[in-house]
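Undergrad: Here it is, the structure, as structure tokens.
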Amino acid sequence: MTNENLEKLLADQTFQNELKMFETYSDLQKREFRKKYDLTKQQFVEAKTVIDSITFKSVTFTEQELDYLWNAIGIQPKDHQQPQSQQLQSQQPQSQQSNQQHPGEQSQRSQGRNQNQQPNQNNQRRKDQQTLRRKVREINFNWFARIAAILVIPLIITSLYLYTQNVSLSRFKADKVETLGTTYNTVYAPLGGKTMVTLPDGSEVWLNSGSSLKYPLLGSDEYREVFLTGEGYFKVKKDKEVPMYVKTNDLHVKVYGTTFNVNAYDENDDVSVALIEGKVSLALASAASQSSTIGATPKTKTKTKTKTKINARKASSNNAKETFLKPGQIGQLYKDNNKLKVTTTKGLDQYIGWINDIYVFENTKFKNILKRLEKAYNVKFLIEDARLEEYSFDATFDKKSIDQIMEIFKLTLPIEWERVKSPQSKNNHFTYETIKIKRDMKRKL
Amino acid sequence: MRSKRDNLTLVSSDKNSDTVLWEKVRSGNHEALAEIFKLHYAGLFAYGIKIVPFHDFVRDHIQELFLTIWQSHDRLSSVSNIKAYLLVSLRRLMLKSRKSTPTEDLNEKGNGDFLIFEQGEFVDREVISSQIKEQLLENINALPNKHREVVFLRFYHDLSYREIAEIVEIKEQTIKNMMPGVFSKLRNGLTNIKRDDLNDLDVMLFEFFTLFKRNF
């Protein structure tokens, strides 16, 4: 290999990572590495030395910096209040060491930080920050006052004008409410893609590949209601008075403002709800069947109102059947026996990674992984050997293409893969890609 | 036959990943903010001190950064790589206020060159001779500012070229094109590299494969 090529190789990120990891490699991996790169011994030693030499030490973190932040934010640090004094002592040698890394750069102030005047210094610093912020606020206020004064005068004139018009306006509104209340908007996410929707109340919903969300253009005053097919990640605006119902075919989720993921693809054996923050309650669609139909087909405005009230009462009488989730918990409804199971997970990424194109699997069967990938990448898999489907994996695919993912599986499983011709739809368009997975007979299962 | 639970972890998966942590902060969870702060403080500091070599200046700006994040948590957008996000935000924040602060207040040494490295900042490997270490340090510090910053972000923070491109505001392809040149400069004057730790097994592998290749 020429020097020029070696420099190109050194600039390659994969090569850099592999060199960094080299010490941890097994003999087999080392041999693989050798096969991959055509390096002489001298070139290898040089490359390894260059990369080794630009490995940086990391700087240590001190707990007191977090306390500054809590002070500024106005949160009482509760759990580390007690051990803090001990930590200060144990941290001192470390923080001094880190200062020594930059000799000559230490100012009076930063030295003082590590010594006895510390509490005074901290207070002084906090006061400085506060006065500075107050000043900024005053300046801002003056500005706002001026702008407000300019804006308010035309505003008063306009509102007086509108007030006179108000009567006709409200009549107009009453007419429209009826039609809007029964008008629904439906948003679809394309196959192999994602869509973000902002609902009229400001809640945000990410829809995964092939999913759809139906919502009323004008919600009722008493509840918010959306209908989901497929998978969606919800960030619901807080409203204590007006709960939101996220309804799927099998499961209803009641929320007051929180963040969670619902996976209700029709092909799945279960419907799962993963809670990130806040509180939600789950109810079987069959148990709340009356309430699910209400609101979907209201005939007149007055009827809707009364029906809603009945509905609200019914929901509260159904309380016994509600299952509450805490953050980090997963509620799973198995469609075959209609049983709801609640489990706790630390790996929430499995459920919400998809919004950033990250797919995480923990001890998941190959066939279930493929099912998920089929959705995400709009492909169909054909597996020749059913035994392959039963292997379980832990895997994280961070923004990988389907080709990269298949190559990774090829390394771990004795398989070969290829794209095959997909059946065409009526209008001669390919709607999805087909990938065929074969046993690699040269390798053992 | 492989065992049923043949779990090859293809990429290490942290339990509380960036996506989850960030979403928690967005929904107003201050413990998640604390976790992010603890995880990234050291890295942010190490980067900040390279941009403006003045401890309190860096500390104050990291505090300000997190304060801003907290105060506007319900208006934040989705983030998949928190580290890169924090680094780029801190960089912008510091460069902005460095412009508006008189330089003599910041740094007595003048602030033309930033990102100068010292031997103590690198992991000390005894297997590498001090002569080579000094040569490499010299080579690094002779690089242009921008190149040095990319090297630092790549090898301290372990960011990909794509993420670095966003932070230093140049194109990813530009970085990819310039890196071979950077390594060519880093290799300047490196001769007689001896590595005792790579002498036994690895070298045997080398001899084996060169032999193997010659025969076929």
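The listed protein sequences correspond, in order, to chains D and G.
Be aware that the first sequence starts at 4, since it is given in the working numbering, and climbs by one per residue.
Be aware that the second sequence starts at 1467, since it is given in the working numbering, and climbs by one per residue.
For glycine and all other residues, C-beta sits at the position ideal for the given N, C-alpha and C.
In angstroms with no decimal places, state the Cα-to-Cα distance between Asn117/D and Gln67/D.
TA: Because Asn117/D sits at a pLDDT of 41, beneath the cut-off of 50, its placement in the model cannot be relied upon, and the following sentence gives the value as read from the coordinates. Distance between the alpha carbons of Asn117/D and Gln67/D: 11 Å.
Undergrad: Check distances from the C-beta atoms of the region 1608-1619 of chain G to those of chain D and list, in chain order, the residues that come in under 9 Å.
TA: From the region 1608-1619 of chain G, only Val1617, Phe1618 have a Cβ closer than 9 Å to chain D.
Undergrad: Would you please verify whether the beta carbon of Gly281/D is less than 8 Å from any beta carbon of chain G?
TA: So, interface residue.
Undergrad: Residues in the region 1543-1561 of chain G with C-beta within 7 Å of chain D's C-beta atoms, listed in sequence order?
TA: Within the region 1543-1561 of chain G, the residues whose Cβ lies closer than 7 Å to some Cβ of chain D are Ser1544, Ser1546, listed in chain order.
Undergrad: Give the residues of chain G in contact with Gln407/D, contact being defined as C-beta atoms less than 7 Å apart.
TA: Under the 7 Å cutoff, chain G gives no residues; its nearest Cβ is about 11 Å from Gln407/D.
Undergrad: Going by other Cβ atoms of all chains shown within 10 Å of its Cβ, with 16 needed for buried, is Arg227/D buried or exposed?
TA: Buried, since its Cβ has 16 or more Cβ neighbours within 10 Å.
Undergrad: Given Asp242/D, which residues of its chain have a CB within under 8 Å of its CB, disregarding the five upstream and five downstream residues?
TA: If we look at Asp242/D and ignore the five residues flanking it on each side, its Cβ neighbours are Asp204, Arg227, Tyr259, Gly260.
Undergrad: For Thr58/D, which of Val1634/G, Gly1647/G, Asp1526/G, Asp1590/G has the nearest alpha-carbon?
TA: It is Asp1590/G.
Undergrad: Give the straight-line distance between the Cα atoms of Leu12/D and Ile76/D, rounded to the nearest whole angstrom.
TA: Whole-angstrom Cα-Cα distance: 47 Å.
Undergrad: May I have the straight-line CA-CA distance separating Phe384/D from Val1634/G, to the nearest angstrom?
TA: Whole-angstrom Cα-Cα distance: 41 Å.
Undergrad: Using only alpha-carbon positions, find the residue among Leu1609/G, Gly1655/G, Arg1661/G, Glu1632/G that is nearest to Gly1647/G.
TA: Here the closest residue by C-alpha is Leu1609/G.
Undergrad: Which chain D residues are close to Asn1654/G, counting only those with a beta carbon under 7 Å from its beta carbon?
TA: Correct list: empty, because the minimum Cβ distance to chain D is about 11 Å.
Undergrad: Sort Pro330/D, His255/D, Lys240/D by Cα distance to Glu280/D and report the nearest one.
TA: Checking every option, the nearest Cα to that of Glu280/D belongs to Pro330/D.
Undergrad: Since Trp209/D is in the beta strand (DSSP E), which residue starts that stretch and which ends it?
TA: Segment 207-210, the beta strand (DSSP E) holding Trp209/D.
Undergrad: Would you mind stating whether Lys344/D and Gln335/D have Cβ atoms separated by less than 8 Å?
TA: Yes, they are a contact pair.
Undergrad: Run through DSSP, which three-state label would Val48/D get?
TA: Here Val48/D sits in helix by DSSP.
Undergrad: What are the start and end residues of the beta strand (DSSP E) that includes Met4/D?
TA: Met4/D -> no beta strand (DSSP E), and no H or E assigned at all.
Undergrad: So which residues on chain D does Gln1529/G lean against when the C-beta distance must stay under 8 Å?
TA: Under the 8 Å cutoff, chain D gives Glu68, Tyr71, Leu72, Ala75.
Undergrad: Answer with buried or exposed for Thr1657/G, where buried requires no fewer than 16 other C-beta atoms within 10 angstroms of its C-beta.
TA: Flag for Thr1657/G reads exposed.
Undergrad: DSSP three-state label for Met247/D, please.
TA: Strand at Met247/D.
Undergrad: Rounded to whole angstroms, what is the Cα-Cα separation between Glu436/D and Lys238/D?
TA: Between Glu436/D and Lys238/D, the C-alpha separation is close to 32 Å.
Undergrad: Measure how close the beta-carbons of Leu1625/G and Ala1550/G come, nearest whole angstrom, since I'm counting them as under 8 Å.
TA: Leu1625/G to Ala1550/G, Cβ: 6 Å. Contact.
Undergrad: Spell out the partners DSSP gives Tyr268/D in its beta bridges.
TA: DSSP, once it has assigned bridges, lists no residue as partnering Tyr268/D.
Undergrad: Got a sec: is the Cβ-Cβ distance from Lys1504/G to anything in chain D below 8 Å?
TA: For Lys1504/G, the answer is yes, since a Cβ of chain D falls inside 8 Å of its Cβ.
Undergrad: Taking the alpha-carbon positions, what's the Trp357/D to Lys1660/G distance?
TA: Those two C-alpha atoms are separated by around 47 Å.
Undergrad: How many angstroms separate the CA atom of Glu108/D from the CA atom of Ile1515/G?
TA: Because Glu108/D carries a pLDDT of 40, less than 50, the predicted location of this residue cannot be relied on, and no value is offered for it.
Undergrad: If distances are taken between C-alpha atoms only, which option among Arg390/D, Val382/D, Ala398/D comes closest to Lys424/D?
TA: Looking at the Cα atoms, Val382/D is the closest of the given residues.
Undergrad: In angstroms with no decimal places, state the Cα-to-Cα distance between Ser275/D and Asn266/D.
TA: Cα-Cα distance, rounded: 5 Å.
Undergrad: When burial is assigned at 16 or more other CB atoms within 10 Å of the CB, is Glu1702/G buried or exposed?
TA: It is not possible to answer for residue 1702/G, since the shown part of chain G is limited to 1467 through 1682.
Undergrad: How many whole angstroms separate the CB atoms of Asp1484/G and Ile1548/G, which I take to be in contact at a CB cut-off of 8 Å?
TA: Rounded, the Cβ-Cβ distance is 5 Å, consistent with contact.
Undergrad: Are the C-beta atoms of Glu1587/G and some chain D residue less than 8 Å apart?
TA: Glu1587/G counts as touching chain D.
Undergrad: If we define contact as Cβ-Cβ less than 8 Å, is Glu270/D a contact residue for chain G?
TA: So, not an interface residue.
Undergrad: For the alpha helix (DSSP H) containing Met1644/G, name the first residue and the last one.
TA: Run containing Met1644/G: 1638-1652, per the alpha helix (DSSP H) assignment.
Undergrad: Leu351/D versus chain G: which residues are under 7 Å apart at the beta carbon?
TA: Within 7 Å Cβ-Cβ: Val1486.
Undergrad: So for Gly281/D, helix, strand or coil by DSSP?
TA: Reduced to three states, the DSSP call for Gly281/D is coil.
Undergrad: So what does DSSP say about Phe1583/G, is it helix, strand or coil?
TA: In this structure, Phe1583/G counts as coil in the three-state DSSP scheme.
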